[in-house]
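Those letters in the sequence shown? Residues 1 to 74, per the UniProt record's numbering, in order. Even for Gly, the Cβ is constructed at its ideal location relative to N, Cα and C. A quick write-up on the structure given underneath.
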Amino acid sequence: MAVPHQNAMRCGHHIKIHANGKTVKAMVLDECDSTIGCDSEHSYQPPYPNNIVDASKAVWKALGVKEVMLNGDE
Numbered sequence: 001m002a003v004p005h006q007n008a009m010r011c012g013h014h015i016k017i018h019a020n021g022k023t024v025k026a027m028v029l030d031e032c033d034s035t036i037g038c039d040s041e042h043s044y045q046p047p048y049p050n051n052i053v054d055a056s057k058a059v060w061k062a063l064g065v066k067e068v069m070l071n072g073d074e
């Protein structure tokens with residue numbers, strides 16, 4: 001999972017993600033400074049507020065979050 005950048009201080013640590021009344025514990029694998037955009041390793045994501053989390057499909061499924069593709073299609 002990737003989380004907002006804090007000098008990679010959270011890499012290798014676990015965080016809890018809450019949604020729909022459920023909680024999942026996930027390990028942080030990398031960080032990206034989402035406020036300036038990301039590099040090729042992070043799929044060239046455009047700048048976003050510093051409050052995004054990118055996680056595996058298993059995390060979102062466990063939380064009951066519906067998968068939506070980048071173009072808005074389900």
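C-alpha gap between residue i and residue j, whole angstroms
{"i": "residue 66", "j": "residue 20", "result": "11 Å"}
{"i": "residue 16", "j": "residue 48", "result": "21 Å"}
{"i": "residue 18", "j": "residue 40", "result": "29 Å"}
{"i": "residue 61", "j": "residue 54", "result": "13 Å"}
Beta carbon of residue i nearer than 8 Å to that of residue j
{"i": "residue 28", "j": "residue 59", "result": "no"}
{"i": "residue 14", "j": "residue 26", "result": "yes"}
Nearest candidate by alpha-carbon position, reference residue i, set the options
{"i": "residue 10", "options": "61, 30 and 57", "result": "30"}
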